[in-house]
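Comments concern the structure below.
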Amino acid sequence: MNKDEQLRAAINQKLIETGERERLKELLRAKLIECGWKDQLKAHCKEDFKHKNTLYMDKIMWTIMQFK
């Protein structure tokens with residue numbers, strides 16, 4: 029494990045221990061809902077998948093990752 033990975037792991041561990049990680053996740057989730065991102069992503073995925081007969085997890089993930 030290189031220094032960057034060690035630092036990342038240490039920071040992540042500290043965030044988990046203090047409960048800050050969950051607080052930040054909830055804050056991000058609330059902000060994404062507030063700005064409409066979640067609804068926009070849901071509508072985008074529904075529209076995209078409506079025209080496809082077969083759904084594969086890799087295609088679903090690719091579509092979500094391409095959403096901006």
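When you line the sequence shown up against this note's numbering, it's residues 29 to 96, in that order.
The C-beta atom is built at its ideal place from N, Cα and C for all residues, glycine as well.
- Rounded to the nearest whole angstrom, the C-alpha separation of His-72 and Phe-95 is 8 Å.
- The C-alpha of Ile-39 lies about 26 Å from the C-alpha of Ile-61.
- Linking Phe-77 to Arg-57 through their CA atoms gives a straight-line distance of about 24 Å.
- The criterion of a C-beta distance shorter than 8 Å is not satisfied by Ile-88 and Leu-69.
- The Cβ atoms of Arg-36 and Leu-43 do not sit closer than 8 Å to each other.
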